[in-house]
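Which chain is which? The protein sequence lines are A and B, in order.
Numbered by the working numbering, the letters in the first sequence go through residues 10 to 121 in order.
Numbered by the working numbering, the letters in the second sequence go through residues 42 to 152 in order.
Even for Gly, the Cβ is constructed at its ideal location relative to N, Cα and C.
Everything on this sheet refers to the single structure shown next.
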Amino acid sequence: QQPVQSPQAVILREGEDAVINCSSSKALYSVHWYRQKHGEAPVFLMILLKGGEQKGHEKISASFNEKKQQSSLYLTASQLSYSGTYFCGTDAGGTSYGKLTFGQGTILTVHP
Amino acid sequence: KAGVTQTPRYLIKTRGQQVTLSCSPISGHRSVSWYQQTPGQGLQFLFEYFSETQRNKGNFPGRFSGRQFSNSRSEMNVSTLELGDSALYLCASKAGGAGYTFGSGTRLTVV
Numbered sequence: 010q011q012p013v014q015s016p017q018a019v020i021l022r023e024g025e026d027a028v029i030n031c032s033s034s035k036a037l038y039s040v041h042w043y044r045q046k047h048g049e050a051p052v053f054l055m056i057l058l059k060g061g062e063q064k065g066h067e068k069i070s071a072s073f074n075e076k077k078q079q080s081s082l083y084l085t086a087s088q089l090s091y092s093g094t095y096f097c098g099t100d101a102g103g104t105s106y107g108k109l110t111f112g113q114g115t116i117l118t119v120h121p
Numbered sequence: 042k043a044g045v046t047q048t049p050r051y052l053i054k055t056r057g058q059q060v061t062l063s064c065s066p067i068s069g070h071r072s073v074s075w076y077q078q079t080p081g082q083g084l085q086f087l088f089e090y091f092s093e094t095q096r097n098k099g100n101f102p103g104r105f106s107g108r109q110f111s112n113s114r115s116e117m118n119v120s121t122l123e124l125g126d127s128a129l130y131l132c133a134s135k136a137g138g139a140g141y142t143f144g145s146g147t148r149l150t151v152v
């Protein structure tokens, strides 16, 4: 089943913060986050394994709540380059290891 | 380090034809996955290969098939093309427990 992302779209001014959520109904082994700009391939941001760890990548960080099967992506002090569609991809592990099920995407637009 | 290379970049095919898409993963990456991306359905998993073995398959009809060679290069084939198969087909590779690196994709248009 496809994870649900919220919000579907968000508009920011440079320097503002945003949070994108990803919720799954299945037990997860890991959550991936990717950003895709128009006409380009998705770019890997980070992976979170079950265990509730939080990771950071420049001004972008993420958390994974294993009990709730939810992950959140935090973008702080947004830059114009952050604009794009953000996808979470969930991996249930076990016999499904390596199979990513992607959310429908969150469109992030950053204005000057 | 070279990225994931997909060929061709664009394809136009007629209904009923078949098509083969190619993917060269990053050197050393043994896991290769294929995804279909459309505006309506988003990113959908097709299959994943590891060391020439298909480990997982998505919910696509048997017209969609793939394979991986000993050098980790992969191909996917779609037979008896339908208009609904028009999409961006993305290949991605990874090593171990890292994230996937995607190729630029093959844009398939079925007319």
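Going along the chain, which residues of its own chain have a beta-carbon closer than 7 angstroms to the beta-carbon of residue i, five neighbours each way excluded?
i, result
"L124(B)", "R56, V151"
"T85(A)", "D26, K68"
"G138(B)", "none"
"S90(A)", "none"
Kindly identify the DSSP beta-bridge partner or partners of residue i.
i, result
"R148(B)", "Y51(B), L129(B)"
"N97(B)", "E89(B)"
"D100(A)", "S39(A)"
"K135(B)", "S72(B)"
"L106(A)", "Residue 106(A) is actually Tyr in this sequence, not Leu. Paired residue(s): none; Y106(A) is not in a bridge."
"S32(A)", "V13(A), Q79(A)"
"R104(B)", "Answer is none; R104(B) lacks a bridge partner."
"G112(A)", "None; G112(A) has no bridge partner."
When every heavy atom of the ligand MG is checked, does at least one fall within less than 7 angstroms of the C-beta of residue i?
i, result
"L37(A)", "Absent from the structure shown: the ligand MG. Ligands present: none."
Ignore the nearest five residues each way along the sequence and tell me which others in residue i's own chain have a CB closer than 6 angstroms to its CB.
i, result
"F88(B)", "W75, Q95, K98, G107"
"S65(B)", "T46, R114"
"V13(A)", "S32"
"S63(B)", "T48, E116"
To the nearest angstrom, how far is it from the Cα of residue i to the Cα of residue j?
i, j, result
"A133(B)", "T110(A)", "14 angstroms"
"A71(A)", "Q79(A)", "11 angstroms"
"Q88(A)", "Q59(B)", "44 angstroms"
"T115(A)", "I53(B)", "30 angstroms"
"G140(B)", "H41(A)", "7 angstroms"
"S111(B)", "S92(B)", "7 angstroms"
"Q45(A)", "L84(B)", "11 angstroms"
"H47(A)", "G24(A)", "22 angstroms"
"I20(A)", "L117(A)", "6 angstroms"
"Y130(B)", "P121(A)", "33 angstroms"
"R148(B)", "Y38(A)", "31 angstroms"
"I67(B)", "G144(B)", "10 angstroms"
"K76(A)", "S120(B)", "43 angstroms"
"F86(B)", "P49(B)", "20 angstroms"
"A36(A)", "L58(A)", "12 angstroms"
"A128(B)", "T61(B)", "14 angstroms"
"Q109(B)", "F96(A)", "26 angstroms"
Can you tell me where the beta strand (DSSP E) holding residue i begins and where it ends?
i, result
"N112(B)", "Per DSSP, N112(B) belongs to no beta strand (DSSP E) and is neither H nor E."
"I56(A)", "52-58"
"H120(A)", "115-120"
"T61(B)", "60-65"
"R22(A)", "18-22"
For residue i, collect the residues of the same chain with a Cβ closer than 8 angstroms to its Cβ; drop the 5 residues on either side in sequence, then sort them by chain order.
i, result
"G107(A)", "D100"
Problem set entry | Members of the region 135-148 of chain B near chain A, C-beta cut-off 9 angstroms | K135, G138, A139, G140, Y141, T142, F143, G144, S145, G146
For this session: Check distances from the C-beta atoms of the region 81-93 of chain B to those of chain A and list, in chain order, the residues that come in under 8 angstroms.
Result: G83, L84, Q85, F86, E89, F91
Exercise. For the region 93-113 of chain A, which residues have a beta carbon sitting closer than 9 angstroms to at least one beta carbon of chain B?
Worked result: F96, G98, T104, S105, Y106, G107, K108, L109, T110, F111, G112, Q113
Problem set entry | Near-chain A residues of the region 43-72 of chain B - C-beta to any C-beta below 7 angstroms | S72
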